[in-house]
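These notes are about the structure you will find just below.
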Amino acid sequence: MEKYASRLEALDTSNCFNNDFLLTWEKTDDELKAVFEVADALRALRQSGLSARIFDSGLGISLFRDNSTRTRFSFASACNLLGLSVQDLDEGKSQVAHGETVRETANMISFMAEAIGIRDDMFIGKGNAYMREVAEAASVGFLDGTLEQRPTLVNLQCDLDHPTQAMADASHMITELGGIENLKGKKIAMTWAYSPSYGKPLSVPQGVCALMTRFGMDVVLAHPDGYEIMPEIEDIAKANAEKSGGSFSKTSSMKEAFEGADYVYPKSWAPFKAMEKRSKLYEDGDSDGIKALEKELLAQNSQHSDWECDSSLMAVTKNAMYLHCLPADISGVSCERGEVAADVFGKSRTSLYKQASFKPYVIAAMIFLAKAKDPAGALRLLSARGRRRILD
Amino acid sequence: MEKYASRLEALDTSNCFNNDFLLTWEKTDDELKAVFEVADALRALRQSGLSARIFDSGLGISLFRDNSTRTRFSFASACNLLGLSVQDLDEGKSQVAHGETVRETANMISFMAEAIGIRDDMFIGKGNAYMREVAEAASVGFLDGTLEQRPTLVNLQCDLDHPTQAMADASHMITELGGIENLKGKKIAMTWAYSPSYGKPLSVPQGVCALMTRFGMDVVLAHPDGYEIMPEIEDIAKANAEKSGGSFSKTSSMKEAFEGADYVYPKSWAPFKAMEKRSKLYEDGDSDGIKALEKELLAQNSQHSDWECDSSLMAVTKNAMYLHCLPADISGVSCERGEVAADVFGKSRTSLYKQASFKPYVIAAMIFLAKAKDPAGALRLLSARGRRRILD
Amino acid sequence: MEKYASRLEALDTSNCFNNDFLLTWEKTDDELKAVFEVADALRALRQSGLSARIFDSGLGISLFRDNSTRTRFSFASACNLLGLSVQDLDEGKSQVAHGETVRETANMISFMAEAIGIRDDMFIGKGNAYMREVAEAASVGFLDGTLEQRPTLVNLQCDLDHPTQAMADASHMITELGGIENLKGKKIAMTWAYSPSYGKPLSVPQGVCALMTRFGMDVVLAHPDGYEIMPEIEDIAKANAEKSGGSFSKTSSMKEAFEGADYVYPKSWAPFKAMEKRSKLYEDGDSDGIKALEKELLAQNSQHSDWECDSSLMAVTKNAMYLHCLPADISGVSCERGEVAADVFGKSRTSLYKQASFKPYVIAAMIFLAKAKDPAGALRLLSARGRRRILD
Numbered sequence: 001m002e003k004y005a006s007r008l009e010a011l012d013t014s015n016c017f018n019n020d021f022l023l024t025w026e027k028t029d030d031e032l033k034a035v036f037e038v039a040d041a042l043r044a045l046r047q048s049g050l051s052a053r054i055f056d057s058g059l060g061i062s063l064f065r066d067n068s069t070r071t072r073f074s075f076a077s078a079c080n081l082l083g084l085s086v087q088d089l090d091e092g093k094s095q096v097a098h099g100e101t102v103r104e105t106a107n108m109i110s111f112m113a114e115a116i117g118i119r120d121d122m123f124i125g126k127g128n129a130y131m132r133e134v135a136e137a138a139s140v141g142f143l144d145g146t147l148e149q150r151p152t153l154v155n156l157q158c159d160l161d162h163p164t165q166a167m168a169d170a171s172h173m174i175t176e177l178g179g180i181e182n183l184k185g186k187k188i189a190m191t192w193a194y195s196p197s198y199g200k201p202l203s204v205p206q207g208v209c210a211l212m213t214r215f216g217m218d219v220v221l222a223h224p225d226g227y228e229i230m231p232e233i234e235d236i237a238k239a240n241a242e243k244s245g246g247s248f249s250k251t252s253s254m255k256e257a258f259e260g261a262d263y264v265y266p267k268s269w270a271p272f273k274a275m276e277k278r279s280k281l282y283e284d285g286d287s288d289g290i291k292a293l294e295k296e297l298l299a300q301n302s303q304h305s306d307w308e309c310d311s312s313l314m315a316v317t318k319n320a321m322y323l324h325c326l327p328a329d330i331s332g333v334s335c336e337r338g339e340v341a342a343d344v345f346g347k348s349r350t351s352l353y354k355q356a357s358f359k360p361y362v363i364a365a366m367i368f369l370a371k372a373k374d375p376a377g378a379l380r381l382l383s384a385r386g387r388r389r390i391l392d
Numbered sequence: 001m002e003k004y005a006s007r008l009e010a011l012d013t014s015n016c017f018n019n020d021f022l023l024t025w026e027k028t029d030d031e032l033k034a035v036f037e038v039a040d041a042l043r044a045l046r047q048s049g050l051s052a053r054i055f056d057s058g059l060g061i062s063l064f065r066d067n068s069t070r071t072r073f074s075f076a077s078a079c080n081l082l083g084l085s086v087q088d089l090d091e092g093k094s095q096v097a098h099g100e101t102v103r104e105t106a107n108m109i110s111f112m113a114e115a116i117g118i119r120d121d122m123f124i125g126k127g128n129a130y131m132r133e134v135a136e137a138a139s140v141g142f143l144d145g146t147l148e149q150r151p152t153l154v155n156l157q158c159d160l161d162h163p164t165q166a167m168a169d170a171s172h173m174i175t176e177l178g179g180i181e182n183l184k185g186k187k188i189a190m191t192w193a194y195s196p197s198y199g200k201p202l203s204v205p206q207g208v209c210a211l212m213t214r215f216g217m218d219v220v221l222a223h224p225d226g227y228e229i230m231p232e233i234e235d236i237a238k239a240n241a242e243k244s245g246g247s248f249s250k251t252s253s254m255k256e257a258f259e260g261a262d263y264v265y266p267k268s269w270a271p272f273k274a275m276e277k278r279s280k281l282y283e284d285g286d287s288d289g290i291k292a293l294e295k296e297l298l299a300q301n302s303q304h305s306d307w308e309c310d311s312s313l314m315a316v317t318k319n320a321m322y323l324h325c326l327p328a329d330i331s332g333v334s335c336e337r338g339e340v341a342a343d344v345f346g347k348s349r350t351s352l353y354k355q356a357s358f359k360p361y362v363i364a365a366m367i368f369l370a371k372a373k374d375p376a377g378a379l380r381l382l383s384a385r386g387r388r389r390i391l392d
Numbered sequence: 001m002e003k004y005a006s007r008l009e010a011l012d013t014s015n016c017f018n019n020d021f022l023l024t025w026e027k028t029d030d031e032l033k034a035v036f037e038v039a040d041a042l043r044a045l046r047q048s049g050l051s052a053r054i055f056d057s058g059l060g061i062s063l064f065r066d067n068s069t070r071t072r073f074s075f076a077s078a079c080n081l082l083g084l085s086v087q088d089l090d091e092g093k094s095q096v097a098h099g100e101t102v103r104e105t106a107n108m109i110s111f112m113a114e115a116i117g118i119r120d121d122m123f124i125g126k127g128n129a130y131m132r133e134v135a136e137a138a139s140v141g142f143l144d145g146t147l148e149q150r151p152t153l154v155n156l157q158c159d160l161d162h163p164t165q166a167m168a169d170a171s172h173m174i175t176e177l178g179g180i181e182n183l184k185g186k187k188i189a190m191t192w193a194y195s196p197s198y199g200k201p202l203s204v205p206q207g208v209c210a211l212m213t214r215f216g217m218d219v220v221l222a223h224p225d226g227y228e229i230m231p232e233i234e235d236i237a238k239a240n241a242e243k244s245g246g247s248f249s250k251t252s253s254m255k256e257a258f259e260g261a262d263y264v265y266p267k268s269w270a271p272f273k274a275m276e277k278r279s280k281l282y283e284d285g286d287s288d289g290i291k292a293l294e295k296e297l298l299a300q301n302s303q304h305s306d307w308e309c310d311s312s313l314m315a316v317t318k319n320a321m322y323l324h325c326l327p328a329d330i331s332g333v334s335c336e337r338g339e340v341a342a343d344v345f346g347k348s349r350t351s352l353y354k355q356a357s358f359k360p361y362v363i364a365a366m367i368f369l370a371k372a373k374d375p376a377g378a379l380r381l382l383s384a385r386g387r388r389r390i391l392d
């Protein structure tokens, strides 16, 4: 544990305390590194059979505006690891509430809440804004004395970013490479891929482009014309690359992106502009418009069914690791034709599951850093305490 | 902690042990004061960063016959504070089960249950009766050896009373006043208010009238003709007032009730007689009758849309504190015209959230008193144990 | 505690560690006895006010493909007793997923999972097979390093067996008799009984026949022609009886089965062949076929409405104990005519609730034996630790 604690001490994490984790690009390099470090430390504690509970009691609130087994279990796992009990708040898929309702709900669910995980990725311009409303209300509630503690917000996926996913993806690569410094100069292809379904969020490609450019990677974003991500995020990726000595480039050829890549991340998403239009249609309650848009988008998708990650494409990479946030649309398995060929997926299964396994630790690390005033000291204490997770 | 413990010791709480909390008017003044005292003590523990867990393990069962984010989170928070894990039993909004089914369910959910919180406010004559059936079955199960412990029942809202709400409301006033003795002589206006929705329970006005008359307050109940609460509860309020040296009066003018009031509690509810009729219609499965009644009641409501708590009404009070159990129907915010004007609500927001924040502590105190044989000793033990809620 | 620990030590439980509990007939006599022993020990701990927590943190996952208050609460109680937090995964009543999806889900829900309880009894040939897929995937995930621990699977009811029910039933009889050796020579009538509903699983009669023949009991299976259970299970029961010195016989007369019985277990189930047909119809999505089959089966049932456990039938037994897994179809109470007469049920209520009360302890014992390398030592440790479950 000492190695994690001393590495953590070398980083400036002072601004993490009592703070939220909403967007990776709001965080300093030190803060991101601290999340990786604490996630590794928590995993090491668990592997050695020790309890990582820092909470004797307390609630972790999950606020999902979309069904999600995976994210739900990752958040529940993270909370459990630290000693929080999960309480779910399901608000349905309705358009996001505003103002009075958000303020009130934020306080009413936070009486014993140490952490609130929110997933709200359905509507462009809404999800992250909603999180900030909740965060602001929780701050006011704390200052006013309604709440005895300020719950930490963790963005479990919004319209802009998917920080717990991208951080878990990075953790996986870093672990395989043996260190964050080894990401430098590695090429990652974040590419669109064909799916017979519709309306997948933009948060994964956006999160990956914005995060991987932080570490000196060569990030190539590839998609057919018309599948653009948000221009603001491209700007962030460019600026990051410049600063870190990496690069951010774009192409409309999947093969070009794959050439010489160390990592490939082929995944379907919906065009930003269509998602923006869709948000507007929902706002107006225009169900005919929504149906028409869906039809249009599926037709548009079907013109690009050749964007499938198969073994011939993998062959042009530098023996790349195949990444995915799961579940993938696997050709001949979960659909007739999808994002990835069955043989490519099959060969990567173990790696993909490991990739996913970093998420609970990443989420727990985000909460840990917001709650422990002296996180390095807390890690040392957990180790010195030596409490077994299971009675022997 | 010593001040709470010694004050608690001065009260006779012997009858709280292994007992339920179903109606405030079944409790002695000492027992009510003990709830306030323990609630304050638990809050103080939390504020000083100490764990208030009295349970190493055990379940808190929530049994709701109505959707409820607020009550659900209050109960979950109370359970978590004391160390219980919540397990929800959602029975839907169907008419209440009886006899064999209740007996059986009560036992089947109680194997590790330390507390059962029930909300059942939909049908006059049913909710509290159902709680008693569950309580009785749990008692028998305990005596028969099916259960290793007798779970404590907490009424989270029924057809007669809303004890956790009214006790939280009182806690808020007592805290602001600096002591329960200061409630004496204060005037509280419990008034009906207009809402565009229909069929709100009677439990809040009934609970407030029955409780606030216990402490020597001058309670004025105001509503338009036809919006009577249950006559049994009015009788209880009258008897309480006589005993405590307070008063209980009625008026059909909102303004008259507000005049010189220290507290106002304007809130919509459905007429008792209409609710009784509605219960009958549900029992008979008469859906046409239910629809007709709903239409009739909405029409009746609309004749009283002037029953809105606005600044001109607030002006006739003695700078009264505005109380509400939330969520309120706020004119121009959650509805076109509702219970309260937006400016009145807005000025009171912080106070309202604080009012709500007492509920988890009140619920926890009720459970605490039913589980700790020597509650004052238990408070001292918690303080002496000094277990931090978060690892430092 | 010492008596349980030393008796446990005399049994070979080495194969329980890190293993699952899917079918009683896969377990040795020693392993079954160990479950009874640990269940009793855990109950004794609780009765003496001591904590039986062996987990500091960790998740228990419930994966139900059918609604179930009873089983849900039994599993939640077992998890809570040992210190696990429950996380539910509701997959709906859809046909069971296969292959990739199962593998992936098994890993994604297991990051912090110590135990997974699965109920999947809807389709012949599917439920137990599904559990094995999950178990295999969890094993691979553990070996691959995706998971830090191998979660233990507990069969909470499948198409073949209902081991937690049958073990709880046996626990109840053993407790009443004062020892497992006293089961020898006792006659138990596992009989079909009439129900106005349709499609009840076969897992209870199959589980009872397969388990009770292990202990030298005389097991008589009775049902009308056409209500056969799976022939494989009958073969298991026969082989068990031969080995244990008990017997397994069949009759198509309820009365004959009841004659001289020490225990009667009258319960409705659907014919195995009809269930097999039904599974096929669901697989083909043949909803007309499903409806036709349902009609046919209800008509078939109605020819046997005389298969009701009433006092005249009870009179031919040796003052038998009436067993049921609950909820029972009680004539004149939960239906016009059902499995059991109201007076017979009423006299047995206390016994039936006690029977059910063994299930949480049996489930906890199964998890305990899979998690404690030295289970006898762990029991001694729990006793020596002396941690009170409630602060005194």
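Chains as they are written, first to last, in the working numbering: chain A, 1 to 392; chain B, 1 to 392; chain C, 1 to 392.
We put the beta carbon where it would ideally sit given N, CA and C, even for glycine.
Could you check what DSSP says for MET321 (chain C) in three-state terms: helix, strand or coil?
strand
Please state whether DSSP places SER268 (chain A) in a helix, a strand or coil.
coil
Establish whether the CB of GLY398 (chain C) and some CB of chain A are separated by less than 8 Å.
Here chain C covers residues 1 to 392 and nothing more, so residue 398 (chain C) does not appear.
Quick check: is any heavy atom of the ligand SAH less than 7 Å from the C-beta of GLU100 (chain C)?
The ligand SAH is absent from the structure shown, which contains no ligand whatsoever.
For PHE111 (chain B) and GLN95 (chain B), the rounded distance between their alpha carbons
Residue placement at GLN95 (chain B) is poorly supported in this model, since its pLDDT is 45, which falls under 50; the coordinates still yield a value, given next. Rounded to the nearest angstrom, the two C-alpha atoms are 25 Å apart.
I need the DSSP call for MET190 (chain B), collapsed to helix, strand or coil.
strand
Which class does GLN87 (chain A) belong to by DSSP, given the choice of helix, strand or coil?
strand
Three-state secondary structure (DSSP) at TYR263 (chain C)?
strand
Compute the Euclidean distance between the alpha carbons of LEU293 (chain B) and GLY125 (chain B), then round it to the nearest angstrom.
19 Å
Confirm, please, whether the CB-CB distance from ALA270 (chain C) to PHE17 (chain C) is below 8 Å.
no
Is the distance from the Cβ of VAL264 (chain C) to the Cβ of ASP310 (chain C) below 8 Å?
no
Helix, strand or coil, according to DSSP, for CYS158 (chain B) in the structure here?
strand
Which of helix, strand or coil DSSP assigns to GLU296 (chain A):
helix
Using a cut-off of 7 Å between C-beta atoms, extract the partners of ASP378 (chain B) located in chain C.
Sequence inspection shows Ala at residue 378 (chain B); the Asp mentioned does not correspond to that position. By Cβ distance, chain C contributes LEU391.
Return the CA-CA distance between LYS93 (chain A) and ASP120 (chain A), expressed in angstroms with no decimal places.
The predicted model places LYS93 (chain A) with a pLDDT of 44, which falls under 50 and marks its position as unreliable; any figure quoted below should be read in that light. Roughly 9 Å separates the two Cα atoms.
Under a CB-based cut-off of 8 Å, is ARG70 (chain B) close to chain A?
yes
What does DSSP give as the partner residue(s) for THR251 (chain A) in the beta ladder?
A:ALA222
How many Å lie between PHE73 (chain C) and THR71 (chain A) at the Cα?
25 Å
If we define contact as Cβ-Cβ less than 8 Å, is VAL362 (chain A) a contact residue for chain C?
no
Less than 7 Å between C-beta atoms, sequence neighbours within five positions excluded: which residues of the same chain meet that for GLN206 (chain C)?
LEU160, ASP161, ILE229, MET230 and ILE233
My output table needs one value for LEU147 (chain A): the three-state DSSP class, helix, strand or coil.
coil
Assigned secondary structure, SER171 (chain C) (DSSP; H/G/I helix, E/B strand, else coil):
helix
Please report the distance separating the alpha-carbon of GLY377 (chain C) from that of PRO163 (chain C).
26 Å
HIS172 (chain C) beta carbon less than 8 Å from that of GLN355 (chain C)
yes
Proximity test, Cβ basis, 8 Å: SER94 (chain A) and chain C
In this predicted model, SER94 (chain A) has a pLDDT of only 44, less than 50, meaning its place in the structure is not dependable enough to derive any value.
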